[in-house]
Amino acid sequence: MNFDFSTYMESFIDRKTYEEFFSKKESVLEKLKSYDMTGWIENSISKEEVNKIKEVSAKVREHADVFLVLGIGGSYLGSKAVIEAFSPYFKKMKKTEVIFGGINMSSEYLKQLLDYIEDKDVVVNVISKSGTTMEISVAFDLVYKKLSERFSEEEIKERIIVTTDKEEGKLRKLADLKGYTSFEIPRNIGGRFSVSTPAGLLPISVAGINIDTFLEGYNNALLKYIDKAFVYACIRNTLYKENRCVENFVSYEPKLSYFNEWLKQLFGESEGKDNKGILPTSTIYTRDLHSLGQYMQSGKEILFETVIRLEESEIINYQNSDINKMNFIISESVATAHREGHTPSNIITLSHFDSKTMGELIYFFLLSAAFSGILLEVNPFDQPGVEAYKSEVKKNLG
Ligand code: PA5
266 MNFDFSTYME
276 SFIDRKTYEE
286 FFSKKESVLE
296 KLKSYDMTGW
306 IENSISKEEV
316 NKIKEVSAKV
326 REHADVFLVL
336 GIGGSYLGSK
346 AVIEAFSPYF
356 KKMKKTEVIF
366 GGINMSSEYL
376 KQLLDYIEDK
386 DVVVNVISKS
396 GTTMEISVAF
406 DLVYKKLSER
416 FSEEEIKERI
426 IVTTDKEEGK
436 LRKLADLKGY
446 TSFEIPRNIG
456 GRFSVSTPAG
466 LLPISVAGIN
476 IDTFLEGYNN
486 ALLKYIDKAF
496 VYACIRNTLY
506 KENRCVENFV
516 SYEPKLSYFN
526 EWLKQLFGES
536 EGKDNKGILP
546 TSTIYTRDLH
556 SLGQYMQSGK
566 EILFETVIRL
576 EESEIINYQN
586 SDINKMNFII
596 SESVATAHRE
606 GHTPSNIITL
616 SHFDSKTMGE
626 LIYFFLLSAA
636 FSGILLEVNP
646 FDQPGVEAYK
656 SEVKKNLG
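Residue numbering for the sequence shown follows our numbering, starting at 266 and increasing by one per position.
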């Protein structure tokens, strides 16, 4: 990964403010260590657990047409982002298709989901750390009912995998009672930080993506990128102090659109609290240059952009160039134009893109979000706003 935090940014950064943030490095590291939700920092999963995930996913891939993941927020976005990044655009996955449910309360979505799995060889992975999330309970009940129309309880047992807390919650009790295959989300890892736990790894593995190399990238990233993550966190906080309160995550590859969604959850939930925080948004260019690009170029000066681009891609010759080179030149031209229109950009270039780099990239952003939240003086690991909406809905729905 190559980080360009200066070419399109430098003139917007107040050096004094930046240095003040930068000087807090030691205390930020100390503060980070003081939180108990930091199980994701060091290798977050044992070799035995990884082997179990690989065994279960190989078994699923032998027979299942569909692997239905029921999870929301951090129990869904990480795996969805990785799977989408490595899936073909127009072909269906060869064997087991990974699909997602429990991500809304749309009756139309649920009806179509139930119809879709009706005649398929389906395995369901219900993922909820708390085991109490409404969307998941509702979807799971409906899917279970659908399965009961075709299978005996003994057969259903072979088709349900539970990923939840080790001891607590409704789902854990159910898994233990019924003897479902189950995985654990460690108590010291919050939802949006859980992609390197079974919550993310099982769906990723079922999609045929190499989780060993993914974890290799993830586990090596602390030493490799800790300094860059801190610099990025300082830049974000400096810009925020200068009233740049919106960060637009940009990619020039549509396959990273769910990675953008994952970033929005990571930064939005980690920082948006106590009446503070940078609002994350996202665009896929060049598509959105023809829509939101107008605002990025010359709207209110509240924005900055963080661009992720891939250096290596398909070679398609076009006139005297190739399409990927053109995409690259466009990204530079856009950053220049946006800078001239008063929107600065950070640019992260991946010279090579595979599951290992994906592990690195994810870790880089997790660490950046933790540093950035601490610099902002919020707790990056809680989500009181999410809990607030959950309890209000519970009150009204019963
Ligand atoms: O990051 C978080 O903690 C949240 O987004 C949760 O992942 C989300 O609310 C789902 O919670 P649970 O896994 O308990 O169903």
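Using N, Cα and C, we set each Cβ at its ideal position, and we do this for glycine too. All of these numbers come straight from a predicted model, not from anything done at the bench.
Per DSSP, cross-strand counterpart(s) of residue i
i, result
"I425", "V389"
"I348", "In DSSP, I348 forms no bridge with anything."
"V334", "F365, N390"
"D384", "Bridge partners of D384: none, in fact."
"P545", "E512"
"V572", "V515, I612"
"N582", "D587"
"T398", "According to DSSP, which records beta bridges pairwise, T398 is partnered with nothing at all."
"E449", "T429"
"D269", "I612"
Burial state of residue i (16 or more Cβ within 10 Å)
i, result
"L488", "exposed"
"G339", "buried"
"L631", "buried"
"H555", "exposed"
"T622", "buried"
"K394", "buried"
"S413", "exposed"
"V293", "buried"
"N390", "buried"
"M370", "exposed"
"P649", "exposed"
"G444", "exposed"
"I580", "exposed"
"E275", "exposed"
"S616", "exposed"
"I588", "exposed"
"Y225", "Given a span of 266 to 663 for the chain in the structure shown, any question on residue 225 remains unanswerable."
"I318", "buried"
"P353", "exposed"
"G663", "exposed"
"F514", "buried"
Contact belief for residue i with residue j at Cβ below 8 Å, rounded distance in angstroms
i, j, result
"E419", "I368", "Contact doesn't hold; Cβ gap of about 30 Å is too wide."
"R574", "I612", "7 Å"
"T429", "G396", "5 Å"
"F618", "E577", "7 Å"
"T446", "V321", "6 Å"
"I474", "F569", "With 8 Å as the limit, I474 and F569 do not qualify as a contact, their Cβ atoms being about 31 Å apart."
"R551", "I594", "Correcting the residue identity first, residue 551 is Thr in this sequence and not Arg. Between I594 and T551 the Cβ distance is about 12 Å, and since that is not below 8 Å, they are no contact."
"I549", "S586", "Rounded, the Cβ-Cβ distance is 22 Å, inconsistent with contact."
Same chain, Cβ closer than 8 Å to residue i, neighbours up to 5 away in sequence not counted
i, result
"G416", "Checking the sequence shown, residue 416 turns out to be Phe, not Gly. Same-chain partners within the cutoff: R424."
"K411", "L379, I382, E383"
"V658", "M399"
"Y341", "V334, F365, G367, I368, I392"
"E590", "Per the sequence shown, residue 590 should be read as Lys rather than Glu. Hits under 8 Å: none found."
6 Å CB neighbourhood of residue i in its chain, flanking five on each side removed
i, result
"L344", "Looking at the sequence shown, residue 344 is not Leu but Ser. These residues qualify, in order along the chain: G465, P468, I469."
"G304", "P451, N453, I454"
"R457", "G339, Q530, L531, E534"
"N308", "N484"
"I426", "N390, T446"
"Y360", "Residue identity check: residue 360 is Lys in the sequence provided, not Tyr. Contacts found: R326."
"K472", "Checking the sequence shown, residue 472 turns out to be Ala, not Lys. Excluding positions up to five away in sequence, the list reads I348, V363."
Among the options, the one whose alpha carbon lies nearest that of residue i
i, options, result
"F524", "Q559, D380, T571, A498", "T571"
"S461", "S633, N484, T446", "N484"
"D301", "L662, G336, A635, Y654", "A635"
"Y409", "E432, L439, D430", "L439"
"I392", "Y374, E481, G366", "G366"
"G638", "H617, A498, G482", "A498"
"F448", "T361, E362, E314, T546", "E314"
"A602", "V515, K520, D587, G558", "G558"
"F646", "K289, K298, K281, E285", "K298"
"P519", "E349, F270, K565, S311", "E349"
"M266", "I491, K359, K296", "I491"
"K565", "G606, V496, R280", "G606"
"L436", "S459, K289, F405, I421", "F405"
"S563", "E507, P545, R604, S547", "R604"
"K422", "V387, T548, S586", "V387"
"S620", "F287, E285, I476", "I476"
"I278", "L640, E507, L641", "E507"
"Y273", "F286, S598, K541", "S598"
"E284", "L640, E652, N661", "L640"
"L375", "F355, K357, L407", "L407"
"I337", "Q584, K290, S459, F355", "S459"
"S372", "K357, A346, K356, V403", "V403"
Residues near residue i in its chain [Cβ-Cβ closer than 7 Å; skip 5 each side]
i, result
"I543", "R501, Y505, C510, V511, E512, F532, E536"
"K385", "D330, V331"
"S633", "A494, Y497, A498"
"K538", "V643, P649, G650"
"F286", "C499, N502, T503, L640"
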